[in-house]
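Remarks on the structure that follows.
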Amino acid sequence: AVANCWLLILQTAALKNETVMDTRTATAELGWISFPANGWEEVSGYDENLNTIRTYQVCNVFEPSQNNWLLTTYIDRRAAQRIYVEIRFTVRDCASIPSVLGSCKETFNLYYLETDRTVSESIKGVEYWANAPFLKVDTIAADESFSQVDFGGRLMKVNTEVRSFGPLSKGRGFHLAFQDLGACMSILAVRVFYKKCPSVVQNFAYFPETLTGAESTSLVIARGSCISNAEEVDVPIKLYCNGDGEWMVPIGSCSCKAGYEPDNSNVCRACPQGTFKSFQGAGLCQQCPPNSRSTIEAATLCSCRNGYYRGDMDRPEDVCTSVPSAPRNVVSVINQTSVLLEWHSPRDTGHRDDLSYNVLCRRCHSAERRACQPCDDSVKFVPGKRGLKETQVEISKLRAHTSYTFIIQATNGVSNKSPYPAQQLSINITTNQAAPSVVPIMHQVSSTSRSFSLSWPPPEQPNGIILDYEIRFYDKSQTLLNSSVVQSQTPGVVLEGLRPGTGYVVQVRARTVAGYGAYSKDMLFQTLTDDEYKSELGQQLSLIAGYLVGGVCIVSLIAITIICTRRQHLKESIYGDKLQQYNTGGGVKIYIDPFTYEDPNEAVREFAKEIDPSCVKIEEVIGSGEFGEVYKGRLKPIGKKEIPVAIKTLKVGYSERQRRDFLSEASIMGQFDQPNIIRLEGVVTKSRPTMIITEFMENGALDSFLRQNDGQFSVIQLVGMLRGIASGMRYLAEMSYVHRDLAARNILVNSNLVCKVSDFGLSRYLEEDASDSTYTSSLGGKIPVRWTAPEGIAYRKFTSASDVWSYGIVTWEVMSYGERPYWDMSNQDVINAIEQDFRLPAPMDCSVVLHQLMLDCWQKDRNARPKFPDIVSMLDKMMRNPTSLKTGTNSIGPPPSHHPLLDRGAPDLSSISSVEDWLAALKMTQYRDSFLGSGFTSLPLVTQITAEDLQRIGVSLAGHQKKILTSVQLMRHNVDDQSPTESV
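With mature numbering (1 follows the signal peptide of the UniProt record, and there is no 0) applied, the sequence shown covers -16 to -1, 1 to 968.
Rendered as structure tokens:
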């Protein structure tokens, strides 16, 4: 054991030292240089073990003033900075030499000489050795000397001394020199070496062989690298090599990566089949959990067996589970138009504890239940219709006498992983009769000092045929106990026998065979005072007289207008405007700001026609505005054909300022007469509610209309819409009018796809003689950032050029079928992006010429943007040359480049590797969170998606659904073309 221990020590020492010269291995002459010739002498001899060796000896002790030099051959230092010399020698005791002079020595000197080449023997003259160009290492003395013994021989006493020198840096090698000054000695062996730290694997990191430093106390840094199948834990990874060739001070470490476990301390072994390791570190491989397996080595996760899945929040070591079975034993309790559903839990929960339920509602139109569609959003589910934890739900606001199918789905944390629909249970019910819903609003049609006339739209949910209405009213100074009740067969009533100048609280409710519905909310209406009534009656008599006097004039004007109109139509081109020029003194009519009037009511009387409220019939609510509800209705002027109209109403409890701002829009619209500007029919200001009546646009706002009909129009049709908008804006610009809020939401579309500019709430007048035709709004004014030019955002300056910028955004909205400009970027991000010259990329399938038009509209210099007349001309040319509108065609110039941040061009589908990339290729990144949140986290899962899934995750636009499903079919086709192994 002791011998083995010493052997290990010697082996370790050998690894730490690298020998560059050792005379013990020499078998021929060493060939060292000696000076003078009678000095050192090379001889063959024996060491203490009687092995043959080559030695140098000198013994000129009987001659004074000795200076004998011995120079070794050239030694390559091999980049070492510090060299060690081990010398084995013998020295004779001077006292043992008879008749020796006083100059006898028992020491010698060791020197070295750094050089890049061998020192030639021919240049070694007396002068060279006298100057001795060597650096001294040390004077070496013998620990033991020998003398002559009595039995006829000599007992050799060998000394071993080790010396080091450095740092070495002036040459690739060196010579050693030995100087004898009068000793009787022999150099038996010389070994020259340097120290190193051997290569080592420590903390799963490999450190290469490293030379020691220039000094014995130096520490040399060695950088480590992780061994195969290991990864860094702490960085940097390093060890320090000290002067003795020993490693010390470890810093940083590596550890076996996922799929590998440590073996024999510094080896990372792959996990065998049937095991896995999901994390990096010192842990060992584990057996696959139930219902899973690993068929490869180094598995980081055991894949679930067919029919079993792992949820998004499950850990790799968790058991693979399955989807639940269907709910059981559903029971319904019907109460008029409400139903309570209760059911039992599934028999098999899939071995999970995160069971939940979804309830789907379908309304059916026939007894066979084949024509069913999803229920309206108005249907209410309590506590909800998705993610229910309890086994019951109450559903209300259903339609009376209507058949419904309710589907109850059982889901858990892995239901979104299964390619099969959720297990579900359905039940069919038919609701009972129910009373009608509440009448939403009432309007005062007319008023006298003793009566007023009211009308109202029918209830949103009549739940049957309305038999009649009951109207309850009372003086506002009294209570409900003093109310009176009258009935009406129609949605209108005249309340008579009232007191002049008195406010009355009125309520109304509808009745069907199921009974009365609830009363509407309280509404306050006012009768006129006697003086007000007399004044209005006089005005009406005067108005009738005026009608009679002006009748002939009106007939003549109508005839003249018809003749002029026909002539005008003959002169117009197919793409021209039906624009009526307003001439005042030979020039185009200029728009007049109603706010410049001292009395804004005067502007209303001048520019808007007052309509008798009895000619207006309100039918249904179609929206809400800033000041009140917007209705669809009918206008039947006296002696004219009835036409559909849109009716904006002023809400109850308005202030005088609100009334003025509300009517100001009518004062603005009343000044315009152009086919692509919304037409004002008139106003109702002399009775309540106050109304603005415009032509009715059947298809509503352009943005929502495009989203509902995604992909349904040809490019020519879309350009025709844009041409109409540009024509309307050209008309406004010619009247020195700035819109300030031009956006697709403020463009209305009629049944013939004619687009008309509307909503003049942010518009302002530009003085024709202003030095800089701009309008600066008050600080803090609301600005639609996504549609507003940079100067409008930064300086609140608006011109027709800023309307051109907005028109470019509208063009982008049209070509993208109502997509939100700049997508989900915040307003501040939009401002920053525009400031950095970012521009919206071309929508999918948009031609280059149209996108170039957008980019021209988005020039930072407003003077560089095209004018609206130029835009109309460009669109006319495109429509006359439809080939220029083909995708990729560029008749204007080279295609624009886009910044990578906003570039949403469609990449090659073959390069897609994730759901995010796929959605980006389809330009539908707005659905990313919806897809991932609904469990479609990988492309294999996406290939199983259906139209119902798209509805469930919120993709409601038909065009978007079609685009997604087409891409899914393409991906399925690609999977089918793969080999069986690839498909798996």
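Using N, Cα and C, we set each Cβ at its ideal position, and we do this for glycine too.
Item to check | As assigned by DSSP and simplified to three states, the class of LEU(-2) | outcome: helix
Item to check | Assumed close pair CYS345, TYR404 - CB separation to whole angstroms, cut-off 8 Å | outcome: The Cβ separation is near 22 Å, so there is no contact.
Checklist entry - Looking at the structure shown, is ASN816 part of a helix, part of a strand, or coil, going by DSSP? => result Annotated three-state conformation of ASN816 is helix, per DSSP.
Checklist entry - Rounded C-beta distance between MET955 and LEU925? I'm assuming under 8 Å. => result Incorrect: roughly 11 Å between the Cβ atoms, too far for contact.
Next on the checklist: Beta-carbon within less than 7 Å of GLN473's beta-carbon, same chain only, minus the 5 sequence neighbours each way: which residues are those?
Outcome noted: ASP452
Item to check | Selection from ARG289, GLY243, ARG849 that minimises the alpha carbon distance to ALA283 | outcome: GLY243
Checklist entry - Which of helix, strand or coil does DSSP assign to GLY877? => result Confidence in GLY877 is poor, its pLDDT being 34 and thus under 50, which makes the residue's placement too unreliable to answer from.
Checklist entry - What number of angstroms, rounded off, separates the C-alpha of GLN41 from the C-alpha of CYS168? => result 8 Å
Checklist entry - Looking only at C-alpha atoms, which of PRO330, VAL741, PRO768, LEU647 sits nearest to PRO659? => result VAL741
Item to check | Exposed unless 16 or more other CB atoms sit within 10 angstroms - verdict on THR930 | outcome: Flag for THR930 reads exposed.
Checklist entry - Got a sec? Which residues, its chain only, sit under 6 Å from GLY197 by beta carbon, not counting five neighbours each side? => result VAL204
Checklist entry - Mapping DSSP to helix, strand and coil, what is ASP840? => result helix
Checklist entry - Under 8 Å, do ARG618 and VAL629 count as touching if we go by C-beta distance? => result yes
Next on the checklist: What would DSSP say about VAL952, mapped onto helix, strand or coil?
Outcome noted: helix
Next on the checklist: Whole angstroms are fine: how far does the CA of ARG76 sit from the CA of ARG101?
Outcome noted: 36 Å
Next on the checklist: I'd like to know if the stretch 646 to 658 and the stretch 585 to 597 are in contact, where contact means that at least 3 CB-CB pairs between them fall below 8 Å.
Outcome noted: yes
Item to check | Spatially closest choice to GLN642 from GLN928, ILE622, GLY612, by CA coordinates | outcome: GLY612
Next on the checklist: Nearest by alpha-carbon distance to PHE19: which of TRP113, ASN44, ARG72 is it?
Outcome noted: TRP113
Checklist entry - Between ALA710 and VAL856, what straight-line distance do the alpha-carbon atoms span, to the nearest angstrom? => result 6 Å
Item to check | Extent of the continuous beta strand (DSSP E) to which PHE162 belongs | outcome: That run of the beta strand (DSSP E) goes 157 to 164.
Checklist entry - What's the C-alpha gap between GLY712 and CYS359? => result 40 Å
Item to check | Straight-line Cα distance separating ASN416 from ARG804 | outcome: 43 Å
Next on the checklist: Helix, strand or coil, according to DSSP, for HIS944 in the structure here?
Outcome noted: helix
Checklist entry - Roughly how many angstroms separate the alpha carbons of LYS120 and LEU152, rounded to a whole number? => result 14 Å
Checklist entry - Between LYS179 and ASP228, is the Cβ-Cβ spacing less than 8 Å? => result yes
Next on the checklist: In the DSSP assignment, the alpha helix (DSSP H) including MET705 goes from what residue to what residue?
Outcome noted: 699 to 718
Checklist entry - Exposed or buried, MET719, counting other C-beta atoms within 10 Å across all chains shown (16 or more means buried)? => result buried
Checklist entry - With C-beta atoms as the reference, is LEU479 less than 8 Å away from SER433? => result no
Item to check | Own chain partners of GLY15 with C-beta closer than 7 Å, once the 5 adjacent residues on each side are dropped | outcome: THR57
Checklist entry - Three-state secondary structure (DSSP) at HIS427? => result strand
Next on the checklist: If you reduce the DSSP assignment to three classes, tell me which class SER433 lands in.
Outcome noted: coil
Next on the checklist: Just to confirm the assignment, what range does the beta strand (DSSP E) spanning GLU98 have?
Outcome noted: 91 to 99
Checklist entry - Roughly how many angstroms separate the alpha carbons of ILE211 and ASN250, rounded to a whole number? => result 8 Å
Checklist entry - Residue ranges of each beta strand (DSSP E) run of no fewer than 3 residues wholly in the stretch 666 to 696, ordered along the chain? => result 675 to 679
Checklist entry - For the stretch 680 to 696 against the stretch 817 to 825, are there 3 or more C-beta pairs whose distance is under 8 Å? => result no
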